[in-house]
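Going by our numbering, 743 is the number at position 160 of the sequence shown; the sequence numbering is gapless.
Worksheet: one structure, shown below.
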Amino acid sequence: MKIGILCAMRSEFDQLTPYLHIEKKMQMARTDILEGDVDGMPIVLAASGIGKVNAAITAQMLIDRFQVTHMMMVGVAGGMDTRLGVHALAFSEQLAQHDVNPQWLRHRPAPDQGYFPGDPWMLGICHRLQEEGKFLYPAFFGTMVSGEQFIAEEGRQEIIDAWHPLCVDMESAAAAHACFANDIPFMAIRAVSDTAETGEKGFEENEISAADAAAAAAAQVLEAAAAAAASC
584 MKIGILCAMR SEFDQLTPYL HIEKKMQMAR TDILEGDVDG MPIVLAASGI GKVNAAITAQ
644 MLIDRFQVTH MMMVGVAGGM DTRLGVHALA FSEQLAQHDV NPQWLRHRPA PDQGYFPGDP
704 WMLGICHRLQ EEGKFLYPAF FGTMVSGEQF IAEEGRQEII DAWHPLCVDM ESAAAAHACF
764 ANDIPFMAIR AVSDTAETGE KGFEENEISA ADAAAAAAAQ VLEAAAAAAA SC
């Protein structure tokens with residue numbers, strides 16, 4: 584098992600790095616990449632950059648160049664479900680691109696319904712950690728959506744009505760699409776940085792603390808995954 588990890592923003596990348604044992608640093612396709620392990624389980628961490636195209640490019644690169652067997656995206660997101668306050672954790676059971684008509688995906692390597700599935704094995708680990716009360720912040724499981732714009736007020740209700748998502752970001756579903764095409768299990772772990780009430784100001788105020796919340800949760804999941812893989 585070898586897990587590829589994507590972080591869109593530098594703040595997310597930097598918050599996650601201290602939780603990992605890093606053995607090698609490099610740059611490839613203008614992307615910063617770290618190789619190492621978590622409790623002996625090989626990982627590759629990449630700073631993909633913001634947006635769906637960057638996420639898909641980087642996901643494919645980790646699959647092709649580093650032969651990862653699983654993929655995870657870690658970072659912050661905007662809360663869409665009113666149950667999720669700032670720092671709440673979201674785990675992707677399924678992912679969709681809210682700015683793409685699902686009908687268009689039927690001619691591409693994608694599920695007919697437009698949703699990309701979360702990794703059931705990794706989600707099982709996340710559920711167990713939640714049941715054991717391991718996470719620092721409230722954890723939720725459900726749909727994530729991605730699109731090429733920051734969602735404040737305009738378009739928010741339309742996305743909620745169409746997809747009923749926990750949260751929205753600009754990368755996860757695109758990375759999930761690349762992984763689906765390659766039969767690589769994928770999931771995203773996001774911490775809420777902003778909500779309808781806080782708006783973009785909330786993102787600016789909470790970016791670092793939310794990135795740390797996501798990184799801490801991801802580290803717990805990776806450690807549990809390493810233990811599970813070692814016991815097989």
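C-beta: ideal position from N, C-alpha, C; glycine also.
### Query
When you compare only the Cα positions, how much space is there between residue 799 and residue 772?
Locating residue 799 in the sequence shown gives position 216, counting from the first residue. Locating residue 772 in the sequence shown gives position 189, counting from the first residue. C-alpha separation (whole angstroms): 10 Å.
### Task
Tell me the start and end of each unbroken beta strand (DSSP E) in the stretch 588-641 that is at least 3 residues and wholly inside, in chain order.
604-611, 614-621 and 624-630
### Query
Do residue 677 and the ligand FMN come close, with the Cβ less than 6 Å from some heavy atom?
The ligand FMN is absent from the structure shown, which contains no ligand whatsoever.
### Query
When DSSP labels each residue in this structure, what does residue 703 get in the three-state scheme?
Position 120 of the sequence shown, counted from the start, is the residue given in the question as residue 703. Residue 703 falls in the helix class under three-state DSSP.
### Query
Three or more C-beta pairs closer than 8 Å, one from the stretch 782-800 and one from the stretch 584-601: is that the case here?
yes
### C-beta atoms of residue 756 and residue 678 nearer than 7 Å
Numbered from 1 along the sequence shown, position 173 holds the residue referred to as residue 756. Numbered from 1 along the sequence shown, position 95 holds the residue referred to as residue 678. For residue 756 and residue 678, yes; Cβs fall inside 7 Å.
### Check whether residue 599 and residue 608 have beta carbons under 7 Å apart
Taking the sequence shown and counting its residues from 1, the one referred to as residue 599 is at position 16. Taking the sequence shown and counting its residues from 1, the one referred to as residue 608 is at position 25. No, Cβ-Cβ distance for residue 599 and residue 608 is not below 7 Å.
### Reference residue 649, options 669, 632, 626 and 664, closest by Cα
In the sequence shown, the residue the question calls residue 649 occupies position 66. It is 626.
### Task
Starting from the C-beta of residue 808, find all residues in its chain whose C-beta is less than 6 Å away, skip the five residues before and the five after it, and write them out in chain order.
Along the sequence shown, one-based indexing puts residue 808 at 225. 708, listed in sequence order.
### Query
Between which two residues does the beta strand (DSSP E) carrying residue 780 extend?
By one-based count along the sequence shown, residue 780 stands at place 197. That residue, residue 780, is in no beta strand (DSSP E); it is neither H nor E in DSSP.
### Message
Quick check on residue 623: buried or exposed, where buried means 16 or more other Cβ atoms within 10 Å of its Cβ?
### Response
For the purposes of this step, residue 623 is identified with residue 40 of the sequence shown, where counting begins at 1. Exposed, because fewer than 16 other Cβ atoms sit within 10 Å of the Cβ of residue 623.
#### Entry: Complete runs of the alpha helix (DSSP H) confined to the stretch 700-773 [at least 4 residues]
703-714, 739-746 and 755-764
### Task
Drop a sphere of 10 angstroms on the beta-carbon of residue 784, count the other beta-carbons inside from all chains shown, and report buried for 16 or more, exposed for fewer.
Position 201 of the sequence shown, counted from the first residue, corresponds to residue 784. Exposed: under 16 other Cβ atoms inside 10 Å.
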